[in-house]
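Chains A and B, in that order, give the protein sequences. 128 is the number that our numbering gives to position 98 of the first sequence; each next residue is one higher, with no gaps. 115 is the number that our numbering gives to position 85 of the second sequence; each next residue is one higher, with no gaps. Some notes on the structure that comes next.
2 protein chains.
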Amino acid sequence: MKNFHPTGNCPVRDVLSRLGDKWSMLVLITLSANGTMRFSDIHKTIADVSQRMLTVTLRTLESDGLIERKVYAEVPPRVEYCLTERGSSLIPHIQGLVDWALQQMSGIMKSRVLHTP
Amino acid sequence: MKNFHPTGNCPVRDVLSRLGDKWSMLVLITLSANGTMRFSDIHKTIADVSQRMLTVTLRTLESDGLIERKVYAEVPPRVEYCLTERGSSLIPHIQGLVDWALQQMSGIMKSRVLHTP
DNA sequence: AACGATAGTTACATCCATGTAAGTTCCTTA
DNA sequence: TAAGGAACTTACATGGATGTAACTATCGTT
Numbered sequence: 031m032k033n034f035h036p037t038g039n040c041p042v043r044d045v046l047s048r049l050g051d052k053w054s055m056l057v058l059i060t061l062s063a064n065g066t067m068r069f070s071d072i073h074k075t076i077a078d079v080s081q082r083m084l085t086v087t088l089r090t091l092e093s094d095g096l097i098e099r100k101v102y103a104e105v106p107p108r109v110e111y112c113l114t115e116r117g118s119s120l121i122p123h124i125q126g127l128v129d130w131a132l133q134q135m136s137g138i139m140k141s142r143v144l145h146t147p
Numbered sequence: 031m032k033n034f035h036p037t038g039n040c041p042v043r044d045v046l047s048r049l050g051d052k053w054s055m056l057v058l059i060t061l062s063a064n065g066t067m068r069f070s071d072i073h074k075t076i077a078d079v080s081q082r083m084l085t086v087t088l089r090t091l092e093s094d095g096l097i098e099r100k101v102y103a104e105v106p107p108r109v110e111y112c113l114t115e116r117g118s119s120l121i122p123h124i125q126g127l128v129d130w131a132l133q134q135m136s137g138i139m140k141s142r143v144l145h146t147p
């Protein structure tokens with residue numbers, strides 16, 4: 031347990047807590063699957079995210095250097111997002127989690143029912 | 031309710047959202063590193079979790095079948111926790127995320143500073 | 001002149017995860 | 001007789017994450 035420091039501020043916890051929010055992993059997987067996308071494209075793909083939270087999520091991911099934001103000086107505006115190299119390096123790990131969840135979810139749902147009669 | 035609850039629709043999101051809370055991954059990694067542990071042992075290892083949240087987290091993990099809870103009829107009580115097979119199968123994926131975070135966190139911190147002048 | 005399109009921003013409201021503090025149980029030991 | 005211990009449980013408080021709705025800018029099109 032030398033990686034997770036139980037006391038004080040842990041940078042690893044900090045980094046991981048960003049991915050644990052409601053939309054970040056979903057956005058990253060979406061960009062990985064589709065390549066470069068406009069704001070409206072992402073919004074259509076993840077239909078139930080609010081405009082505000084999509085903006086907030088994208089800004090946070092950009093701030094951490096996981097995605098890149100390109101603004102084109104056009105009217106109406108055009109903004110494109112894509113994964114950075116750092117963002118791409120994270121994808122296999124998220125995908126690993128998703129695959130695990132897909133394999134296990136049936137059993138997990140059954141387990142939940144047993145534990146809440 | 032005007033909108034569907036997102037985790038109500040997608041089982042994968044539901045399962046992953048459980049792992050995204052503040053303590054679940056930490057508890058799983060701790061159990062993986064130390065094997066069977068008592069409640070108080072986990073609490074000592076993860077010093078800054080409140081008693082209540084440790085209880086809540088352990089119950090949730092148990093309900094999903096990721097850890098096993100063994101109660102011994104003694105006074106004072108003794109309760110032991112360990113990973114189930116399902117919980118163990120998740121560890122490599124969490125560890126992959128942790129390793130990634132360790133490799134990237136320095137660069138991420140720098141990126142954050144650049145994006146918040 | 002009004003409208004639509006895109007990608008936001010702002011102010012405000014609400015919910016839920018988490019925290020705090022105290023109470024509970026039952027036996028053992030001083 | 002009372003304190004101590006493990007593992008909770010309950011009631012209440014709080015803050016941060018998320019949601020809602022309205023507003024913005026600009027230009028070409030109707």
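We treat Cβ as the ideally placed atom computed from N, Cα and C, and that holds for glycine.
Relative to the alpha-carbon of residue i, which residue among the options has its alpha-carbon at the smallest distance?
i              : options                        : result
H145 (chain B) : A:H145, A:E98, A:L84 and A:V57 : A:E98
K100 (chain B) : B:I124, B:G137 and B:M67       : B:M67
S118 (chain A) : A:I72, A:I59, A:L84 and A:T87  : A:I59
R116 (chain A) : A:E92, A:V105, A:R82 and A:C40 : A:E92
V109 (chain A) : A:S141, A:I72 and A:V79        : A:I72
K224 (chain A) : A:N39, A:C40 and A:R82         : What is shown of chain A runs 31 to 147, which leaves residue 224 (chain A) out entirely.
L88 (chain B)  : B:Y102, B:A103 and B:V57       : B:V57
Give the straight-line distance between the Cα atoms of residue i and residue j, rounded to the nearest whole angstrom.
i              : j              : result
S70 (chain B)  : A63 (chain B)  : 16 Å
L61 (chain A)  : L96 (chain A)  : 11 Å
L120 (chain B) : A77 (chain B)  : 23 Å
K74 (chain A)  : G65 (chain A)  : 15 Å
L84 (chain A)  : A131 (chain A) : 24 Å
E104 (chain B) : S80 (chain B)  : 24 Å
S141 (chain B) : Q133 (chain B) : 14 Å
V128 (chain B) : I124 (chain A) : 12 Å
M31 (chain A)  : C40 (chain A)  : At M31 (chain A), the pLDDT of 36 sits below 50, so the modelled position is not reliable and the matter cannot be decided from this model.
P160 (chain B) : P106 (chain A) : Nothing about residue 160 (chain B) can be reported from this structure: the residues present for chain B run from 31 to 147 only.
Please go through the same chain and pick out, in chain order, the residues whose beta-carbon is closer than 7 Å to the beta-carbon of residue i, but skip the five residues on each side of it.
i              : result
R48 (chain A)  : S54, T90 and D94
C112 (chain B) : L61, G65, T66, I97 and E98
What in chain B is Cβ-close to residue i, meaning under 7 Å?
i              : result
Q81 (chain A)  : Simply none; closest approach about 14 Å.
R142 (chain A) : S93 and D94
By the criterion of Cβ-Cβ separation under 8 Å, what are the contact partners of residue i in chain B?
i             : result
V45 (chain A) : A131, Q134, M135 and I138
E92 (chain A) : H145
How many whole angstroms separate the CB atoms of residue i and residue j, which I take to be in contact at a CB cut-off of 8 Å?
i              : j              : result
G50 (chain A)  : G126 (chain B) : Their Cβ separation, rounded to whole angstroms, is 15 Å, which puts G50 (chain A) and G126 (chain B) out of contact at 8 Å.
I138 (chain B) : V86 (chain A)  : I138 (chain B) to V86 (chain A), Cβ: 18 Å. No contact.
M135 (chain A) : V143 (chain B) : With a Cβ gap of about 39 Å, M135 (chain A) and V143 (chain B) do not count as contacting.
List the residues of chain A that residue i touches, going by C-beta distances under 8 Å, in chain order.
i             : result
V42 (chain B) : V128, A131, L132 and M135
M55 (chain B) : L46
G65 (chain B) : Near G65 (chain B) there are no residues of chain A at all, since even the closest Cβ is about 12 Å away, more than 8 Å.
Using a cut-off of 9 Å between C-beta atoms, extract the partners of residue i located in chain B.
i             : result
H73 (chain A) : Chain B residues near H73 (chain A): none, gap ~14 Å exceeds 9 Å.
S62 (chain A) : The premise fails here: S62 (chain A) is roughly 15 Å from chain B at the closest Cβ pair, so nothing lies under 9 Å.
Taking Cβ-Cβ distances shorter than 7 Å, what residues in chain A pair up with residue i?
i              : result
L120 (chain B) : W130
R116 (chain B) : Q134 and G137
Skipping 5 residues on each side, what residues in its chain have a beta carbon closer than 8 Å to that of residue i?
i              : result
T114 (chain A) : G95, L96, I97 and E98
Y102 (chain A) : R108, V109 and E110
Closer than 9 Å by beta-carbon distance: list the chain A residues that pair up with residue i, in chain order.
i              : result
R108 (chain B) : Ordered by position in chain A, no residue passes the 9 Å Cβ test against R108 (chain B), which lies about 21 Å from the chain.
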